[in-house]
Amino acid sequence: MRNVFTVLALLVGLLAGCPGRAQELNADVQVSLQNVTITDATLVNQMQAEMRRILNETPWTRLTYAPSERINLRM
């Protein structure tokens, strides 16, 4: 278990020193209620809509991308 944390710490350290690359997203978020016992499904629908809004409307870079250049994401 200690080796896992050591490798994870090294990986995070290496990635922190590298400049990242990003691109805008075209995300489709679907939350399944199959394994969840919740009485108010509107909360899940609101969470799904909010996650979609955050992923699609957050400017991940300073560049402007056309809709066709966005990365399609389904989760």
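Residue 22 in the working numbering sits at position 23 of the sequence shown; the count goes up by one each step and never skips.
Even glycine gets a Cβ: it sits at the ideal position worked out from N, Cα and C.
Nothing here was measured: the structure is a model prediction, and the numbers come from that model.
- Straight-line gap, residue 54 to residue 74 (C-alpha atoms, nearest Å): 11 Å
- Task: Specify the secondary structure class of residue 69 as computed by DSSP and reduced to three states.
- Result: coil
- Message: Taking 6 Å as the limit between beta carbons, can you name the residues of its chain near residue 21, skipping five residues before and five after?
- Response: 59 and 60
- Message: Is the beta carbon of residue 62 closer than 8 Å to that of residue 26?
- Response: no
- Assign residue 25 to one of three DSSP states: helix, strand, or coil. strand
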